[in-house]
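**Student:** Provided herewith is a single structure, encoded as structure tokens, for subsequent inquiry.
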Amino acid sequence: MNKNYILPGFVILVSFSLIIFTTVLLPHFIFHPEPSEYAVEYTELEAKGRDIYRREGCVYCHSQFVRLQDRGFGPLVQAGDYVYDTPNLLGTIRTGPDLSNEGGKHPDAWHKAHFINPRTITPGSIMPPFVHLKEDDMEALIAYVQSLGKKRLKKYDRIYRPDEYVAKLEKRTVDVNSSAAANAGRGIFQQNCATCHGTHGLGNGPNSIALAKKPANFSRPFYKDYDDVTWFWRVSEGVPGTRMPQWRKKLTDEQMWYLVAFLKTLPRVNEVYPHSYETLEPDKWLEQLKASEAELNSEPKAMLIETKGPPPMAGGGH
Numbered sequence: 003m004n005k006n007y008i009l010p011g012f013v014i015l016v017s018f019s020l021i022i023f024t025t026v027l028l029p030h031f032i033f034h035p036e037p038s039e040y041a042v043e044y045t046e047l048e049a050k051g052r053d054i055y056r057r058e059g060c061v062y063c064h065s066q067f068v069r070l071q072d073r074g075f076g077p078l079v080q081a082g083d084y085v086y087d088t089p090n091l092l093g094t095i096r097t098g099p100d101l102s103n104e105g106g107k108h109p110d111a112w113h114k115a116h117f118i119n120p121r122t123i124t125p126g127s128i129m130p131p132f133v134h135l136k137e138d139d140m141e142a143l144i145a146y147v148q149s150l151g152k153k154r155l156k157k158y159d160r161i162y163r164p165d166e167y168v169a170k171l172e173k174r175t176v177d178v179n180s181s182a183a184a185n186a187g188r189g190i191f192q193q194n195c196a197t198c199h200g201t202h203g204l205g206n207g208p209n210s211i212a213l214a215k216k217p218a219n220f221s222r223p224f225y226k227d228y229d230d231v232t233w234f235w236r237v238s239e240g241v242p243g244t245r246m247p248q249w250r251k252k253l254t255d256e257q258m259w260y261l262v263a264f265l266k267t268l269p270r271v272n273e274v275y276p277h278s279y280e281t282l283e284p285d286k287w288l289e290q291l292k293a294s295e296a297e298l299n300s301e302p303k304a305m306l307i308e309t310k311g312p313p314p315m316a317g318g319g320h
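What follows is the structure, encoded as structure tokens:
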């Protein structure tokens, strides 16, 4: 052996060992954060579900952490949130959605139907079906998913917007409840948003045909939960993972408040939403969901037939 390689080889080996020791082993012995207010100590059923989550490889497609750049995903996570997670299941790739705050967003029946056949709930989903799971394993997995973030967000709270947007309420000069503001916002909507969301905000604009992630249908009752700040924030920041841009880069705050005023006037379809599916069996739940979706899908066609001529613009040519 050439002795000229011994010293460099030794240096490389020592350097590599120090890196592993300081980044992997040392923190294991000296870093022991206190449980945060969001840390969840799992029940026996939830712990079993966690093992199934790991066994089935869910961690390969779903992450469980919210970073500073993940605006709209929920509160930022901290080390103390994971005190009871050993080994952690943070994940590294988001092929599917982040599950940090999934708990309570949907009823158990929704999750069961989703695990049995994901595409019946999310058309085009690449998530594999987990119909092979035994009933008790399915129950445990659902219990674990429902435990994720359950202390961060109250049940069925789907909306989280950064606190700094609340301060914009004090600075706004637009009355978003006035018909004049809504009329001005209508023109802004037609000029900037209708190509994707459609003239009536039903998510059926001409560009929607080419989009894999379809534009939002504002007639859904989901949007009744939006307050003024949440509307403004969503318009301003866009929607991660979609083609919706950050309109703050093109529109002024005043224009976005006008847009909020118009969006608040859009009618909502009387749809049965999953809140009331808590006690339904998955098959009946799916029947209700499909009937509801059929109603929504038929609405745009009827409204498009009635629409003639160019879309209305803001009054006075503004």
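At position 265 of the sequence shown the residue is numbered 267 (our numbering), and the sequence of numbers has no breaks.
A virtual CB, placed ideally from N, CA and C, is assigned to each residue, including glycine.
Quick caveat, the model's predicted, so the values are computed rather than measured.
1. Label L28 either buried or exposed according to how many other C-beta atoms from any shown protein chain fall within 10 Å of its C-beta, with 16 as the threshold for buried.
2. Kindly give me the distance between the Cβ atoms of Y361 and G51, rounded to whole angstroms, as I take these residues to be in contact under 8 Å.
3. Do you know offhand how far V16's Cα is from A41's?
4. Using 8 Å as the cut-off, can you tell me whether the stretch 108-123 makes contact with the stretch 133-150, which would need three or more C-beta pairs spanning the two stretches below that distance?
5. Mind checking P89: buried by the 16 CB within 10 Å criterion, or exposed?
6. Taking Cβ to Cβ, would you say G105 is nearer than 9 Å to S149?
7. Here's the rule: buried if 16 or more other CB atoms are within 10 angstroms of the residue's CB, otherwise exposed. What is E46?
8. Answer yes or no: do A184 and F234 have a C-beta to C-beta separation smaller than 9 Å?
9. Quick check: what's the CA-CA separation for D255 versus F18?
10. If you run the structure through DSSP and keep just helix, strand and coil, what is G187?
11. May I ask you to report which of helix, strand or coil DSSP gives P120?
12. Taking all protein chains shown into account, decide if Q23 is buried (16 or more other Cβ within 10 angstroms of its Cβ) or exposed.
13. Rounded to the nearest angstrom, what separates Q191 and V241 at their Cα positions?
14. To the nearest angstrom, how far is the alpha carbon of I21 from that of A81?
15. In whole angstroms, what separates the C-alpha of R69 from that of D83?
16. Can you check whether the CB of G200 is closer than 9 Å to the CB of P217?
17. State the start and end residues of the unbroken alpha helix (DSSP H) segment that holds M140.
18. Determine whether the beta carbon atoms of R245 and C198 lie at a separation below 9 Å.
19. If we call anything under 9 Å between Cβ atoms a contact, is Y62 one with G93?
20. For E48, is the classification buried or exposed, using 16 other Cβ atoms within 10 angstroms of its Cβ as the cut-off for buried?
21. On the three-state DSSP scale, how would you describe T175?
**Tutor:** So, from the listed chains and residues:
1. The residue is exposed, with fewer than 16 neighbouring Cβ atoms inside 10 Å.
2. This structure cannot speak to residue 361, because the chain is shown only from 3 to 320.
3. Their Cα atoms are separated by approximately 38 Å.
4. Yes, since at least three Cβ pairs between the stretch 108-123 and the stretch 133-150 fall closer than 8 Å, the two stretches touch.
5. Around the C-beta of P89, fewer than 16 other C-beta atoms lie within 10 Å, and the residue is accordingly described as exposed.
6. Cβ atoms of G105 and S149: closer than 9 Å.
7. The residue in question, E46, is exposed, as its Cβ has fewer than 16 Cβ neighbours within 10 Å.
8. Result no, Cβ atoms of A184 and F234 do not sit closer than 9 Å.
9. When rounded, the separation of the alpha-carbon atoms in D255 and F18 is 52 Å.
10. In the structure shown, G187 sits in a helix (DSSP, three-state: H, G or I).
11. Note: P120 maps to helix in three-state DSSP.
12. According to the sequence provided, residue 23 is Phe. The question's Gln does not apply to it. Here F23 is exposed: its Cβ has fewer than 16 other Cβ atoms, across all protein chains shown, within 10 Å.
13. The residue you asked about is not Gln; residue 191 is Phe in the sequence shown. Rounded to whole angstroms, F191 to V241 spans 17 Å at the Cα level.
14. If you draw a straight line from the Cα of I21 to the Cα of A81, it is about 21 Å long.
15. Their backbone Cα atoms lie some 13 Å apart in a straight line.
16. Note that the C-beta distance between P217 and G200 is below 9 Å.
17. Per DSSP, M140 belongs to the alpha helix (DSSP H) from 137-149.
18. Contact flag set, yes.
19. Their beta carbons are under 9 Å apart, which means Y62 touches G93 by this criterion.
20. So E48 ends up on the buried side.
21. Of the three classes helix, strand and coil, the one that applies to T175 here is coil, per DSSP.
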